[in-house]
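In the numbering used here, the protein residues as written are 10 to 301.
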């Protein structure tokens, strides 16, 4: 089980105060459209901008989206920010918020897979994850207490036996910060998400990581328990998770699972497979169709 420690309380508190002031000012006045407040991981911005605008037309409302690192946003939620929906870059944050009684409901949306972003043309000849431990490289990682890719990078490096051997010269608060630094040639390499790398295709090259799918993380959308527009928040989450939302994510190069998977398995394995299928359904919202 992954252990993650968040130390962004101060930043989260500042965001909470700032966002609360903005949200209170933006709440519906007589004759105005209702405004939904969404807290969203920075790496999800391209599809979420499209989904938010489409939902505004569908529901005749306004959607205000605040983009930041998932851990930073989690800190602001714990500090009491006035918001309706939380969409972090890893569903783990939603699970932690739910354990604290902050989540009313949630649904999975898509998946992120970690990759290595390198300067265009890969001048340092980086070929694999182990190369990031080279002393001649300027490497960047996400801050584990601030963004989802930081947590994933820590777990990925630990699994590869590279904890403490990869020494970052830069720690980004968001995955986009890392991609920008590589694009500007301020870093030789950084671990970012596959979908974000596609957004920077003109500025970075991508090195795939062996068995990266084992370190893929699901991202989801949650209705906050203190949502001022609970019905609208539920409708927004359902809209993002429906076919139109899935199409938007796919168009932006995010990995979206199908509605079901098929599993062929020996009958003697039925009890544990049934348990795994139930867990899969709970975590992804998809069905596992088992043939024993």
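Note that CB positions come from ideal geometry on N, CA and C, so glycine has one too.
When burial is assigned at 16 or more other CB atoms within 10 Å of the CB, is residue i buried or exposed?
i, result
"residue 30", "Since pLDDT at residue 30 reaches only 44, below the 50 mark, its modelled position is unreliable, and no value is offered."
"residue 148", "buried"
"residue 84", "buried"
"residue 128", "buried"
"residue 66", "exposed"
"residue 161", "buried"
"residue 44", "buried"
"residue 32", "Caution applies to residue 32, whose pLDDT of 42 falls short of 50 and renders its modelled position unreliable; the value that the coordinates give is listed next. Classification of residue 32: buried, given that the 10 Å Cβ count is 16 or more."
"residue 281", "exposed"
"residue 185", "buried"
"residue 222", "exposed"
"residue 24", "Bear in mind that the predicted position of residue 24 carries a pLDDT of just 44, short of 50, making it unreliable; the figure below should be weighed with that in mind. With 16 or more other Cβ atoms within 10 Å, it is buried."
"residue 252", "exposed"
"residue 154", "buried"
"residue 144", "exposed"
"residue 130", "exposed"
"residue 255", "buried"
"residue 188", "buried"
"residue 288", "exposed"
"residue 240", "exposed"
Among residues of its own chain, excluding the 5 on either side of residue i, which ones have a beta-carbon nearer than 7 Å to its beta-carbon?
i, result
"residue 152", "159, 180, 181, 182"
"residue 172", "166"
"residue 174", "142"
"residue 290", "296, 297"
"residue 259", "265"
List the endpoints of the continuous beta strand (DSSP E) containing residue i.
i, result
"residue 113", "112-121"
"residue 253", "Run containing residue 253: none in the beta strand (DSSP E); it sits in the alpha helix (DSSP H), 252-260."
"residue 214", "213-216"
"residue 46", "44-50"
"residue 53", "First-last for residue 53: undefined, no H or E at that position."
"residue 198", "198-202"
"residue 228", "226-233"
Just to confirm my understanding: we take residue i, look at its own chain, exclude 5 residues before and 5 after, and list those with CB closer than 6 Å. What are they?
i, result
"residue 301", "274, 276, 279"
"residue 59", "257"
"residue 107", "none"
"residue 238", "43, 45, 93"
"residue 105", "none"
Is residue i near residue j, with beta carbons less than 8 Å apart?
i, j, result
"residue 64", "residue 228", "no"
"residue 102", "residue 79", "yes"
"residue 62", "residue 76", "no"
"residue 157", "residue 99", "yes"
"residue 89", "residue 234", "no"
"residue 137", "residue 203", "no"
"residue 231", "residue 46", "no"
"residue 244", "residue 68", "yes"
"residue 206", "residue 124", "yes"
"residue 119", "residue 264", "yes"
"residue 213", "residue 192", "yes"
"residue 226", "residue 94", "no"
"residue 169", "residue 139", "yes"
"residue 141", "residue 133", "no"
"residue 164", "residue 262", "no"
Can you name, in chain order, every residue of its own chain whose Cβ lies under 8 Å from the Cβ of residue i, other than the five neighbours on each side?
i, result
"residue 190", "149, 179, 181, 196, 199"
"residue 96", "47, 48, 49, 50, 53, 57, 118, 228, 229, 230, 231, 249"
"residue 71", "35, 42, 43, 44, 45, 65"
"residue 236", "92, 93, 94, 113, 242"
Could you pull the start and end residues of the alpha helix (DSSP H) that residue i belongs to?
i, result
"residue 73", "That residue, residue 73, is in no alpha helix (DSSP H); its beta strand (DSSP E) goes 71-77."
"residue 179", "From DSSP, residue 179 is part of no alpha helix (DSSP H) but of the beta strand (DSSP E) over 179-181."
"residue 102", "100-108"
"residue 90", "Segment: none, residue 90 is in no alpha helix (DSSP H) and carries neither H nor E."
Every unbroken alpha helix (DSSP H) within the stretch 123-191, with a cutoff of 4 residues, ordered by chain: 157-168
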